[in-house]
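Heads up: the sequence shown begins at 1092 in the numbering used here, then just goes up one per residue.
Every residue, glycine too, gets a C-beta built ideally from N, C-alpha and C.
Notes for the one structure printed next.
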Amino acid sequence: MALETKDITPAPPVARWHTFTADESLELLQSDPDQGITSQEVAARFERYGANELVEKAGRSSLKIFIDQFTNIMLIMLMAVAVVSAVLDIRDNEFPKDAIAISSIVLLNGILGYMQETNAEKALAALKRMSSPKVRVIRNGEVIEINGKELVPGDVMLLEAGVQIAADGRLLDEQNLQVRESALTGEAEAVNKEAKLVLEEEASLGDRLNCVYQGTEVVQGRAKVLVTKTGMQTELGKIAALIQDVENEDTPLQQRMTQLGNVLVSGSLALVALVVLVGMLNKGNFGDLLKTSLSMAVAVVPEGLPAVVTVTLALGTQRMVRRNALIRRLPAVETLGSVTTICSDKTGTLTQNKMVVQGIRTGLHSLQVTGDGYAPIGKFNVLENSSEDSNFAVNNIPEVQQLLMACVFCNDAILQQKNGEWIIIGDPTEGALLVLASKGGCEAAEWQHRMPRVFEVPFSSERKRMSVLVQGEHGGNVMFCKGSPELTLECCTHIQIGDQIHEIADHQRQNVLTQNNELASRGLRVLGFAYRTFSDLPEGGLTENDESNLIWLGLVGMLDAPRPEVRDAVKRCREAGIRPVMITGDHQLTAKAIAIDLGIAREGDHVLTGRELERMTSEDLDREVNLVNVYARVSPEHKLRIVQALQRQHQFVAMTGDGVNDAPALKQADIGIAMGITGTDVSKEASDMILLDDNFATIVAATEEGRVVYTNIRRFIKYILGSNIGEVITIAAAPMLGLTVPLIPLQILWMNLVTDGLPALALAVEPAEPNVMQRPPVDPRENIFARGMGAYMVRIGIVLAIITIALMAWAHGYTTTHFDEIYNKERWATMVFTTLCLAQMGHAIAIRSNTQLTIELDPRTNLYVWGSVIMTTVLQLVLIYVEPFRNFFGTHLISTTELAVCVGFSSLMFVWIELEKLVIRWWLWKRQA
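Structure (structure tokens):
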């Protein structure tokens, strides 16, 4: 019969559906397991709860992002300069080429910034694709198929193998239901669900065996589910909300560039004010002083710097791709160099995401099994505490051979080689058993053909075991059983030792349980194996009642084994001052075992669980977060809290992950790193970097590349700004010496874009220094001028200015004496322009090393520097000796003698820096002595 339409009373907000029985859940949502809800109730609840879809918050429009690019203080100053320059040129009836050139640079920088920032956020779109499949429900007593968006709380969903679950729900009943929840928990192993369970409120997401969740997938079995949460109230919806709540912060490089802009603009404005004030006191012409100010403003802004930084980061991304790291956001290249903590998921990141058998325990033998992945290559070694000789073949041990046959027959997986790689089709646990059998010479295809399966009692959550009956090769039949060690052992009355069958004694039962605990304490998943023979086929087929009087064979312990290369990667991390931290949804014993094996944790270290973390305040977590290296059984909210706590402790955090549950933490982290092979679309779209080979070791390689990029960025910023400071001081000094400004804005733009830009790009590909991964990470809060960089730029700028001003004084006197007044200014100004440009070439050659003389450096290690210096020098000569360029840039022909004088003066810059290196080396030698 149809149910009456009622105004339901929803469960209290604190309610956890896993704490209720199925009947209590039906009563709370006033639904019926056989009839579902009526169409009227559906409409009312849809009105109340809304569509079962994820809601996206409004973000900045593309136009707003583009406009925001021009709020940069340096670009604002350049725009003001362009306007004033245009006004002055129009007043003097001149073509405003300076204003057009400056405006073009401003526009180009704005476009570059826009392109970096508009990498559209697609994480929510990827989540939406997971949340809206087709679904079968019971409504008005009938089974119908609807779009997942139409689900409402109180609906009764029908699930079967292969179905993607469209909403959160409480199981009403199930038959052999297994659900793969890796998208939410990060764990690859399918979970066996049980409708009858009632759990405590603190049960973590991975332990809620009586509930199912949106975005997960049914692997096998069937179920009837009461929909309890839809849309943004689901676990998937919570993740969507977390992703959208995370605010993107500027990277250290972006913060340093902002800081640099503020310093440059404020410094230049102060200098402009000083020049104008001194000029006015000397009764100077205001128009000339204004032109001086314009030239100084253009000189102080490194117009080419944003482009050089962008190209440098792009080159860094190309090098990282060659090392299997794909950068999604350019600033992440440099940011990697500042990472102090790497928070890594376990499954598929630190481990192979492949179950591998580690050990076997029988009544007489304790064996260690070697080998990695699914390749059937490995050895069986007797453990040291055994009296057995380690040099033996397992085919000489009857009970081990029988156990391997049980692994083959109690199995529905397929092991096959494809394109040279061994893969598993089916359950990873069963695949590990096939690999084990193959290592012992028991080939599945051969034995399954020789002894075909007759009957099967499938795995159930109540029995926690699986049994199969196969035809014996020489008559009779054999039933093999695998499952929970404790429950399987309870069904055993005998034990096989060698080729003998004995009644199992109490001390032998206790020994099996001790072995089980020993394997489990190492984080292994343990299965027990037994068998029984039948002379004839059981009447009516195999049943649960036949699972009695079994003969115990032994235990098999397996683990999602660590990647072999990760141990070395963890060691390199520690050498580089980077702390690796494991954050996983897996059990704490498993997590700790893997962490100790990899060197992430040590014996005795505390493992913090999600349940403990739930009870901790932010202040408690802040005190613990620098002491804990392993977190287990955590939820998405916990991962986010851990990353935020580390950031509050001034750690610079990289977070790796592959599941949907990792996405909020990936986005919150300073560097979010997703897995390229096993990663979900959601995790990839929330990340800054993708590991193309899913290899933790690749992170270390990418970090090294990030450090190289940051070192090179500092190198060419020193080069560019040292040159700019020299230009500004030279321009400011001219009026004070009673001279007109020697450089027009167009010539300054040429120096900042070409003379500075080309060598700066060449310096950006300088190879790594030998000790780059033996020093601590760069402090992300480090000032752009830290570690002597500010002092260097000011010092070099002053030296460059002194050299140029000396040349300017000589050139002005020389041209005044030898040439007509009409050519005087243009000739000496061109000499000043040329000297500045050529001096910067010497600077570019010398700055490659802080301590090594240029003659000591192998020029082949960076041929680009020499190429850029030659090209820039040639282009500078083109501006002087090719008439169209000479006319456009306002230069004048100078003689060979005058050019030689410019070269002589400019070479003093190179000589000065080389002398500085000798002084530094002497000082270092003195300290060591």
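7 Å Cβ cutoff met for residue i and residue j
i: Gly1701; j: Ser1295; result: yes
i: Thr1038; j: Val1369; result: This structure cannot speak to residue 1038, because the chain is shown only from 1092 to 2020.
i: Gln1160; j: Gly1127; result: no
i: Met1922; j: Glu1989; result: yes
i: Asn1415; j: Leu1783; result: yes
i: Val1716; j: Ala1736; result: yes
i: Gly1532; j: Asn1486; result: yes
i: Asp1753; j: Gly1439; result: no
i: Lys2008; j: Leu1944; result: yes
i: Ala1930; j: Leu1891; result: yes
i: Asp1779; j: Ala1423; result: yes
i: Leu1506; j: Leu1525; result: yes
i: Met1446; j: Met1649; result: yes
i: Val1559; j: Phe1620; result: no
i: Val1773; j: Ala1760; result: no
i: Glu1795; j: Met1864; result: yes
i: Ser1572; j: Trp1643; result: Strictly speaking, residue 1572 in this sequence is Cys, with Ser absent from that position. Not closer than 7 Å, so no.
i: Leu1851; j: Val1399; result: Note that residue 1851 is Ala in the sequence shown here, rather than Leu. A contact, by the Cβ cut-off of 7 Å.
i: Val1392; j: Leu1169; result: yes
i: Val2060; j: Ala1388; result: The requested residue 2060 does not occur in the structure, where the chain is confined to residues 1092 to 2020.
Paired residues, beta bridge with residue i - DSSP
i: Phe1186; result: According to DSSP, Phe1186 bridges with nothing at all.
i: Ser1558; result: Val1548, Cys1572
i: Glu1594; result: His1585
i: Ala1765; result: Gly1748, Ile1781
i: Leu1249; result: Arg1227, Lys1315
i: Arg1665; result: DSSP, once it has assigned bridges, lists no residue as partnering Arg1665.
i: Glu1947; result: For Glu1947, which the question treats as bridged, DSSP gives no partner whatsoever.
i: Leu1650; result: Val1447
i: Lys2063; result: The shown model of the chain, from 1092 to 2020, leaves out residue 2063, and the question about it has no answer.
i: Gln1608; result: The amino acid occupying residue 1608 in the given sequence is Asn; Gln does not appear at that position. DSSP, once it has assigned bridges, lists no residue as partnering Asn1608.
Exposure label - residue i; buried when at least 16 CB within 10 Å
i: Phe1787; result: buried
i: Val1721; result: buried
i: Leu1372; result: exposed
i: Gln1742; result: buried
i: Ile1488; result: buried
i: Tyr1801; result: buried
i: Arg1693; result: exposed
i: Phe1550; result: buried
i: Arg1866; result: exposed
i: Leu1154; result: exposed
i: Trp2003; result: buried
i: Asn1862; result: exposed
i: Leu1215; result: Note that Leu1215 has pLDDT 48, beneath the 50 cutoff, so the model's placement of it is unreliable and the number below is only indicative. By the 10 Å Cβ count, Leu1215 comes out buried.
i: Ala1536; result: exposed
First and last residue of the uninterrupted beta strand (DSSP E) at residue i
i: Gly1995; result: Where Gly1995 is concerned, there is no enclosing beta strand (DSSP E), although the alpha helix (DSSP H) it sits in stretches over 1987-2019.
i: Gln1269; result: 1259-1271
i: Cys1498; result: Here Cys1498 belongs to no beta strand (DSSP E); instead the alpha helix (DSSP H) covers 1489-1500.
i: Glu1043; result: Nothing in the structure corresponds to residue 1043, since the chain is present only between 1092 and 2020.
i: Arg1452; result: 1442-1453
i: Ala1286; result: Neither: Ala1286 is in no beta strand (DSSP E) and is coded neither H nor E.
i: Ala1723; result: 1721-1723
Residue interval of the alpha helix (DSSP H) (run including residue i)
i: Asn1803; result: 1787-1827
i: Trp1841; result: 1836-1841
i: Asp1114; result: 1113-1120
i: Val1526; result: 1519-1530
i: Met1673; result: Run containing Met1673: none in the alpha helix (DSSP H); it sits in the beta strand (DSSP E), 1670-1674.
i: Gly1370; result: 1343-1372
i: Ile1687; result: 1679-1689
i: Arg1977; result: 1974-1980
The segment 1629-1643 in contact with the segment 1666-1675 per 3-pair CB rule at 8 Å: Judged by Cβ distances under 8 Å, the segment 1629-1643 makes no contact with the segment 1666-1675, as fewer than three pairs qualify.
Contact between the segment 1257-1274 and the segment 1291-1310 (3+ Cβ pairs under 8 Å): yes
Contact between the segment 1455-1474 and the segment 1503-1523 (3+ Cβ pairs under 8 Å): With a cut-off of 8 Å, the segment 1503-1523 and the segment 1455-1474 count as touching, because enough Cβ pairs lie within range.
Meets three-Cβ-pair contact criterion under 8 Å: the segment 1264-1273 and the segment 1304-1314: yes
Three or more C-beta pairs below 8 Å linking the segment 1955-1967 and the segment 1851-1866: yes
The segment 1796-1815 touching the segment 1402-1414, judged by at least three CB pairs closer than 8 Å: With the cut-off at 8 Å, the segment 1796-1815 and the segment 1402-1414 touch.
contact_flag[the segment 1580-1595, the segment 1538-1547] where n(CB pairs < 8 Å) is 3 or more: no
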